[in-house]
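56 is the number of the first residue of the sequence shown in the numbering used here; add one for each residue after it. Note that beta-carbon positions come from the ideal geometry of N, C-alpha and C, so glycine has one too. All remarks here apply to the structure that follows.
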Amino acid sequence: MKGVIFSGMRPTGKLHIGNYYGALTNWIQLQNEYKCYYGVVDWHALTTGYDNTSMMKENMIEMVIDWLSAGIDPDKSTLLIQSHVPEHAELHLLLSMITPLAWLERNPVLKEQVRDLNLKENMGYGLLGYPVLMASDILIYKSNAVPVGEDQSPHVELAREIGRRFNNLYNPVFPIPKLKLSHTPRIPGTDGRKMSKSLKNDITLSDKPEDIKNKVLSMITDPRKIRLADPGHPEVCVVYKYHEIFNKKEFQNIERDCRKAKLGCVACKKRLADVLIQSFQSFREKRNYYERNSQLVWDILMKGSEEARKVAKKTLSEVRKAMKIDYA
Ligand code: TRP
């Protein structure tokens, strides 16, 4: 094993294929090379969603069903619920003492959130500390690497700085974790914008074949190609972008035929729908199994959280000792 990995997702419910290619495929591969901890970070979800928590448990289960069905293996990786390992919160508190406010206030991710969610006066204390909580998730398992998407890299950079600061102030308890960016291509939403549940332009992993087909048929194509006989421009077409990612066998022929006006958009979409439906066939079968056995999913999370807790407790006692607050 090359070391320890931690990564987490906020419990958002069913995942879309962008989440799958952006994060999950990476997580699945890393299971064979690292000791992996994958967390459902419910406290992070509260930083912006504290006023609407009724779906939290259901969203957790739906998301973890997706993890398991996609190939996250609980025999290899430890799956945990952040709030079931309360040591994350104690470490968060201690790290908050040594984190300069200026580091948090200049965080570009926070600035973006404040703008997008129109928070201004309403920003909670917890949201400001989002990266400190994330640092505690990562550091408490002495992680060596953190696989995330590009958008999370400022957070991981802060976790590294907080870890270094702790090590310098007290004792070198924490390895400084490396950022591990996933290099998968970004999958656009069906309308060409960033794929997101709230924009309703997503294709979920669990979509039924019929839904996949309808979503593909609604995709935006080259506006200059109206009739079959019009030559198309694949570089501006969402359907083509998907062929490039999911249809490795055919995409070159599709590009050529589109440019030469030999392939119409409806036929091209039908081919894509077939490929997508096929790609997630075995996923849907596994998902079916976990849906019928959701107690099993909960048991996996309970067992994983307990396992994680042993490690977290050990790190925390080293932390207290290093800070000379163990009073033993
Ligand atoms: N902030 C991450 C996201 O929104 C989720 C997260 C929380 C995380 N703690 C983490 C990711 C620790 C990596 C490591 O995607």
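T108 counts as exposed, since fewer than 16 other beta carbons sit within 10 angstroms of its beta carbon. Nearest to S132 by alpha-carbon distance, out of T102, S237, M250 and F61, is F61. According to the DSSP assignment, G58 belongs to no beta strand (DSSP E), since it is labelled neither H nor E. In the DSSP assignment, the residues bridged to T259 are H71.
One thing to note: G63 has its Cβ within 8 Å of the Cβ of Y93. Distance from L272 to K324 at the Cβ level is roughly 5 Å; contact confirmed, criterion being Cβ atoms closer than 8 Å. Here DSSP, grouped into helix, strand and coil, assigns G77 to helix. Proximity of the beta carbon of V96 to the ligand TRP is indicated: a heavy atom of the ligand is located closer than 7 Å.
Each of P240, N226 and P286 was checked against the Cα of K315, and the nearest Cα belongs to P286. Excluding five sequence positions before and after E142, the CB atoms of its chain that fall closer than 8 Å to its own CB belong to I195, R364, A367, K368, T370 and L371, given in chain order. L174 carries a coil assignment under DSSP once its states are collapsed to helix, strand and coil. Within the chosen limit of 7 Å, the ligand TRP reaches the beta carbon of D192 through at least one heavy atom. By the Cβ neighbour-count rule, S191 is buried, with 16 or more other Cβ atoms within 10 Å of its own.
Taken through DSSP and simplified to helix, strand or coil, M118 comes out as helix. In the displayed model, C91 falls within a strand according to three-state DSSP.
In this structure, P230 is the residue among W82, V140, P230 and I309 with its C-alpha nearest to the C-alpha of E216. Between the segment 337-355 and the segment 119-135, the count of Cβ pairs shorter than 8 Å is three or higher; the stretches touch.
Short of 7 Å from the beta carbon of F306, and not among the five residues preceding or following it, lie these beta carbons of its own chain, in chain order: H298 and E299. Y75 places its beta carbon 8 Å or farther from that of A157. In this structure M274 is buried. Its beta-carbon is surrounded by 16 or more other beta-carbon atoms within 10 angstroms. In the structure shown, the three-state DSSP call for M152 is helix.
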